[in-house]
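Read top to bottom, the protein sequences are chains A and B. With the numbering used here applied, the first sequence corresponds to residues 1 to 693, in that order. With the numbering used here applied, the second sequence corresponds to residues 1 to 317, in that order. Let me begin by presenting the structure, written as structure tokens, before commenting on it.
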Amino acid sequence: MSLASPDSSPAGPNPARVNLTRFNPMGAPLWLGLFVVTWIFSSYGREFSRAIDARWLMKYPSGWRLPLKRDISDAMKWLVEDATFGLFTFKEFTRGIAWLIELPYDFVRSAVIDGFTVGVGSDAAQIAPALSWIAIIAVVVAIGRVAKDWRLAALVGGCFLYLAVFGQWDSAMVTLASVLISVPIGVAGGLLLGIGAYRWPLFDKILRPILDLMQTVPVFAYLVPILFLFGFGPVAALVATIIYAMPPMVRVTTLALRGVPTEIREFGAMVGCTRWQMMWKVLVPSAAPGLMVGVNQVIMLSLNMVIIASMIGAGGLGFEVLSSLRRLDIGAGLEAGIAIVVMAIALDRLSQAFAVRPTPSHEEQVAHDEADLLQKAGLIKRHPWSTTVVAVALVTGLVGLLLPAAQSYPASLTLTTGPFWADLVEFINVNFFDQFEAAKTFMLTYLLLPVKRFLLGIPWPWGIAIVTLAGWKFGGWRLALLAGGLALFIAANGLWDKAMITLYLCGVSVLIASLIGIPLGVLAAENERANRIVSAVIDTLQTLPSFVYLIPVVMLFRVGDFSAMIAVVLYALAPAVRYAAHGIRNIEPQLIEAGIVSGCTRWQLLRKIKLPLALPEILLGLNQTIMLALSMLVITALVGTRDLGQEVYIALTKADSGRGIIAGLSVAAIAIILDRILAASARNARARLGLAE
Amino acid sequence: MKKSLSLIAALSAAVYLGPLAPLAQAAENQDPIKLTLHDWTGQLLTTKIMGEVLKEGGYNVEYVQADYIAQFAGLKTGDLHVAMEIWETTGREAMDEAVATGSVENLGETGMLAVEEWWYPSYMKEVCPGLPDWKALNDCAEEFATPETAPKGRYLGAPVTWGGFDDERVEALEMDFEVIHAGTDAALFAELQSAYQRKAPIVLWVYAPHWAPFKFDGEWVEFPEYSKECYQDPSAGINPDLAYDCGKPRGPIWKVSWSGVKDKWPGAHKAIKAFNVENDEMGAMVTKVDLDGKDLDGVVKEWMDANKDRWNGWISK
């Protein structure tokens, strides 16, 4: 980071005087004026359009709608029924892929839970049992020890023990099997695509918008086509998971490869590497730590998909959560939800440990090899961990034939905290409902409803105009064109009103999430202990399936926008906290010292130096908060919101591919508009503060 | 020469296939029959009972998790074979559409009757003495009001995707209620549980067979009786200008299958057609699983043991 003199900023070169209130000094009157005009339009638009008999101003005429829904449904039908490559049809092709994925999946599933069998259905005869629970715990403990140390081994062992003790073992192993398949495929696919994007700039250009769509179109929108093409059952769920979890890997790969120092690349060229060697022996290994960040993301996102995947046949922990909550067994739902968190923690720590594991230096390797040669007979000494694990697996497997407890954890020893949670929710419900109700009514009357009315009142042509203008102001005519075009796409598909409700729900949630999250982030950056607590809480909130807390929230706040908002805030809080903390931690210490020397109080230091300098990071955090809020929409549709999420959900239950994809694309359109505008403004802020990119 | 060869072939075939003959008679095709599982207990019970019966008949059975409506795509192509619970009230449209294509067959009623109607907990009778009559409900609509809906009463309807015409009903019967749609049935019953714990006013959509009417003490609201005309013809019923001025239809729960099942597993086809259980029987089983916390497979086994003659009749038909 360098502190160049930012001429464009009237605050001058002294960073202490860069002030939040002067964030956009030239634009302020413009935006204020626009807001007033919009307010007037929003309040009187309806009467006005009636007065001049131009209803089309408020409601996009159905005659102008694009027939895209039908076209997509027809195209889908063609793809499933008629499309052919000559030798085989498109459907046979996708079914072939499904078969390829199913083979390893079945194998892993047999290994961890089902046992190996021959024959089908009720004729099936078991030829070998699955790995016993003790063996699997031994495996993860050994991996933990190899990856890092005994502490990690104890942690992951404890995580898996939780699964057994709380009676989640069987479901957890089904989930583990699907993660063990979807993660390698997601990682390998992401790596290859990322390398492609790194090598060919054109490919990168084409890939980028596709990745954006993969990340922003809600999964529900493409579930129906996936079911058609890949058949029913776990494979369709795996495919959906891979599509959802792969994009970060692609992005991280490209970024990590670009980040490889030029010296290393030049060295590779000097020793005469071929292109293949250059990529796989030089670039990819050098970028490995960066790549592991991507692997970690793929694992996390795969576990995020567990609930949705279980709706289309993945089974496992997701199904456990859903079915517990359907019978209002909040405790069981929570335990299954925590099992997902626990599994995420174990896999996350393991993958991170592998990322930072020091690779043995050349001499060590040679010494090691020689030692191996000397002790050729000593198999056990050379591979202590593998042999121990194999021994445990064999012994428990054999003992398990006689003593079932060694094979599967005995049901009589499982614990449950179910009644406690049910009682707790009942206690809160009976004693505090009125207070909650009062708080909710206050929020609804003074925040939610006014915002909703304001947004819904804006005539759509004016809405498109504002979006275009904002695009132009922040990012020039290209962004203006993109933003305006996407907004028009939403209107032209007759989804303007639902899009506005989406915007209202997300907007309010993001506002509240930022109001809570940014101060928490600042606190976490300033205080190490607070940091530990805050990170634990937000990590849990992000991996705990939102359905788990959605149902208690409904019990306390009833079905409606307010409950949806709470769920969105809880889920979208994390990036607001993380980016704010990150931004503050990364401020150059000299600048803070300069502040101290000039006699700033702690409060002044924070307000005049730290916050303004962290602004670009905070804006990026805001961006991520919005993205997460949008991705929660489909879940909130489950508590009865009337936004685009609901549209996607209706399309899913009616198996209407066209409708689902259009609504999904509209969500993506909102996400892309907001993302681009915010990214542009973060860039502007950086430029004004004179921070390097 | 040729003759003797074919004779040998026939003989050896007879020798090899001989021991298998009784099995082959019982089950025509050893490919697994795929039955779909959804996410409510009653359906899991129905399907598992059918599956166990088919297993007893010597068939291979596989259970596949699938979405209630999305499964029709699989039933049409033969990816999935049997769906045991398609409710008249919520699945009729999708079922008719699928049957019309000729690739899906309706295998008749399960014997269970789907009930869906407005429902209130019994303690509301103290506040609203005239219940269960719908007019009495309307007279004390204000009791059901919340800040968002006041002065109108709040009626918690089913997810929009379930249909049910409640918005139309409220309008046609000129009721002072506002319809709020829950997004899932989990949300629906979460609200009921919450209100029940506080003895707070609530009127909502409940359906049976389900555990809720067993767990909570309450009654269905009595609307003018359903008739086809009432739904289709505005002039019929109390309100001469609007349709839907009556209660909801009560209809059977249907079984459907891929139309290929008939040729591939004729015996199984007959058995599925013969399957029959009743509301109370099912309600009791659902209660055992959802409220008493019993193991689902155990409850299925209990039923199988208690009803041997019944299901034997289904497979031998």
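Backbone N, C-alpha and C fix where the C-beta goes; we use that ideal spot for every residue, glycine too.
Asked: Simplified DSSP assignment, three categories, for A/I587; Found: coil
Asked: One or two residues paired with B/R154 in a DSSP bridge; Found: B/E178
Asked: Where A/V716 falls: helix, strand or coil (DSSP); Found: The structure shown does not extend to residue 716 of chain A, since chain A is modelled only from 1 to 693, so the question has no answer here.
Asked: Burial state of A/W276, where buried means 16 or more other Cβ atoms lie within 10 Å; Found: exposed
Asked: From A/P612, A/S42, A/R578, A/A336, residue whose alpha carbon lies closest to that of A/E588; Found: A/P612
Asked: DSSP state of B/N406 mapped onto helix, strand, coil; Found: Residue 406 of chain B is absent from the structure shown; chain B starts at 1 and stops at 317.
Asked: N-terminal and C-terminal residue of the beta strand (DSSP E) that B/F220 is part of; Found: It should be noted that the sequence gives Trp, not Phe, for residue 220 of chain B. First-last of the beta strand (DSSP E) with B/W220: 218–220.
Asked: C-beta neighbour in chain A for B/Q65, strict 8 Å; Found: yes
Asked: Identity of the residues DSSP links to B/W205 by a beta bridge; Found: B/W118
Asked: Close Cβ partners of B/E52 (< 7 Å) along its chain, the five nearest in sequence each way excluded; Found: V300, M304
Asked: Terminal residues of the beta strand (DSSP E) in which B/V61 lies; Found: 61–65
Asked: Inter-stretch contact (C-beta, 8 Å, three-pair minimum) for the region 191–205 of chain A and the region 650–658 of chain A; Found: no
Asked: Under 8 Å (Cβ pairs) to chain A, residues found in the region 164–185 of chain B; Found: I180, H181, A182, G183, T184, D185
Asked: Residue nearest to A/R642 in terms of C-alpha spacing, selected from A/Q126, A/T254, A/A594, A/M500; Found: A/M500
Asked: Close Cβ partners of B/A172 (< 7 Å) along its chain, the five nearest in sequence each way excluded; Found: N239, L242, A243, Y244, D245
Asked: Cutoff 8 Å: A/I338 Cβ touching any chain B Cβ; Found: no
Asked: Interface flag, A/R659 vs chain B, CB-CB below 8 Å; Found: no
Asked: Minimum length 4: unbroken alpha helix (DSSP H) runs contained in the region 480–537 of chain A; Found: 496–526
Asked: Cβ-Cβ distance between B/Y63 and B/H38 below 8 Å; Found: no
Asked: Against chain B: residues of the region 410–439 of chain A by CB proximity under 8 Å; Found: E426, N429, V430, F433, E437
Asked: Cβ shell of A/L455 (< 7 Å), same chain only, five flanking positions each side left out; Found: M500, L503, Y504
Asked: Three or more C-beta pairs below 8 Å linking the region 463–481 of chain A and the region 511–522 of chain A; Found: no
Asked: Chain B contact residues for A/K498, given Cβ-Cβ distances below 9 Å; Found: Under the 9 Å cutoff, chain B gives no residues; its nearest Cβ is about 12 Å from A/K498.
Asked: Residues bridged to B/L35 [DSSP beta-bridge criterion]; Found: B/Y63, B/V82
Asked: Which of helix, strand or coil DSSP assigns to B/Q197; Found: helix
Asked: Cα-Cα separation between A/T84 and A/G640, rounded to whole angstroms; Found: 41 Å
Asked: Cβ neighbour criterion (16 or more within 10 Å) applied to A/L638; Found: buried
Asked: Chain B within 8 Å of A/P519, Cβ atoms only; Found: no
Asked: Contact belief for A/A685 with A/P616 at Cβ below 8 Å, rounded distance in angstroms; Found: 5 Å
Asked: Cβ-based contacts, 8 Å cut-off: residues of the region 105–118 of chain A near chain B; Found: none
Asked: Continuous alpha helix (DSSP H) stretch holding A/P545: start and end; Found: Premise fails: A/P545 is in no alpha helix (DSSP H) and is neither H nor E.
Asked: Under the three-state DSSP convention, the category A/V559 falls into; Found: coil
Asked: Within chain A, the residues that B/F352 reaches when beta carbons sit closer than 7 Å; Found: Only positions 1 to 317 of chain B appear in this structure, which leaves residue 352 of chain B out of reach.
Asked: Three-pair Cβ contact test at 8 Å for the region 102–116 of chain B versus the region 252–264 of chain B; Found: yes
Asked: Through-space distance from A/A682 to A/N24, alpha-carbon basis; Found: Low per-residue confidence applies at A/N24: pLDDT is 49, beneath 50, and the placement is therefore not dependable, though the value from the model is reported in the following sentence. Using only the alpha carbons, I get a separation of about 12 Å.
Asked: Where A/F712 meets chain B, residues with beta-carbon distance less than 7 Å; Found: Because chain A spans 1 through 693 in this model, residue 712 of chain A falls outside it and cannot be assessed.
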